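Report on one structure; see the data block that follows.
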Amino acid sequence: MLLLLLLLLSNTVGLWAQRVSGLRKDGSCMCKVNSTMWVFPAVKFESVLEEVDACEGSLDVMQKQVALSRQQLPQMEAQVLNASARLQPHQYLQHQGLYTALTLRQLGQELQQLETHIGVVHNQLNNTQTRQLSREVDKLRTDVNKLQTSDTVNMKTVREKLRYLNNNVESCKSIPKDYRGTCVCLCVTLCVTVWALYATVGNHGNLVASRLVWDDETKSLNVTQTWQTRLFKKAVSNAFMVCGVLYATRYLDEHREEVFYAFDTATGKEDNSLALPLEKIAKGVASVSYNPIDKQIYMYNDGYLLAYQAHF
């Protein structure tokens, strides 16, 4: 209401009083007065009223935005702390000369979104808290850019360390302590081809598949081609070949094995999304193989020979 009165008064500024001279006649004072100057400004009143409504609406919107921004400040502070904590391992790798990009790209994308969000709130509030957040994000951006442009990159060392840790985790998840199965590392004959499945130190303990050919002159098997996989041997309970495709199984429980991995030697592509269960009688599995004649998978399971019909 005070705003309305001020606007009305501001619109009446500039008017002046009317001074008239009267005539005395028959004991009375007679004068002519122009009353139009005191007519109520209805048109101006409506215009001012519309301006007041617009101002009140804008004020309500701004107050809601400020309240929402204040509610979001703790969340943004937590995001800044989280980003700082995630950046520390990368800084350690940089100082040790072992830096690689790894997940910095994802961190950079999240940091960019956070910068945009904080910028919007800072434009609305512009207080000490938002300025502090802006400084912290700017520092994070500087650190990330420094890591991304650093010359101390040793991808091979970092990858080997990560592969070692990841392989250990997979071993813990896949094989129980008292499990008595053994991974296939012997030659098997499939689709008129002899294959050898084994692991090597040069491949970081991961499975290797080699194709063997019989040499009539030397009366021996010779390796003609070798494929290296990224599947850690200790994460596998058994492995077998089916016409050039390596399949690996892992332990699920006492009554189930699972075919979870495939490697195609023709294309060099891997598939980690398989989940084909193989029911068994007991826990221990000695070997798994495939017979191309009857198209069945055979498993030696604690003195039992189990057969599974395969469809490809």
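Quick note, in the working numbering, the sequence shown goes up one by one and the last residue is 870. Backbone N, C-alpha and C define an ideal beta-carbon position, used for all residues, glycine too. Just so it is clear, the structure is predicted and the values come from calculations on it, not from any experiment.
The DSSP-derived three-state label of N703 is helix.
With respect to the C-alpha of W785, the residue from L779, Q630, R769, L626 having the closest C-alpha is R769. Straight through space, the alpha carbons of S605 and P599 are spaced by roughly 10 Å.
Counting other Cβ atoms within 10 Å of its Cβ, Q637 reaches 16 or more and is therefore classed as buried.
DSSP, read as helix, strand or coil, puts C613 in helix.
With fewer than 16 other CB atoms across the displayed protein chains lying within 10 angstroms of its CB, E614 is exposed.
By a beta-carbon distance limit of 8 Å, A797 contacts L804. Their separation comes to about 6 Å. Looking only at C801, H813, N764, the smallest Cα-Cα distance to K853 is reached by C801. Counting only runs of 3+ residues, the beta strand (DSSP E) found wholly inside the segment 762 to 824 occupies 764 to 773, 778 to 790, 796 to 800, 803 to 811, 814 to 822, in chain order.
In this structure, the CA atom of G760 is about 27 Å from the CA atom of L832. Using a Cβ-Cβ distance cut-off of 8 Å, the segment 834 to 847 and the segment 773 to 788 are not in contact, since fewer than three pairs of beta carbons, one from each stretch, lie closer than that value. An exposed status is given to A625, since fewer than 16 other beta-carbon atoms sit within 10 Å of its beta-carbon.
In the three-state DSSP reduction, S586 falls in the strand class (E or B). Collapsing the DSSP output to three states places L863 in a strand. In this structure N830 does not touch V843 by the C-beta definition: roughly 21 Å separates them, more than the 8 Å allowed.
Less than 8 Å separates the beta-carbon of T807 from that of V817. Looking at the DSSP output, M620 sits in no beta bridge, so it has no partner there. Taking a 10 Å sphere around the C-beta of F821, we find 16 or more other C-beta atoms and assign the residue as buried. Between H675 and M620, the CB-CB gap reaches or exceeds 8 Å.
For the 8 Å CB-CB criterion, L639 and Q687 do not form a contact.
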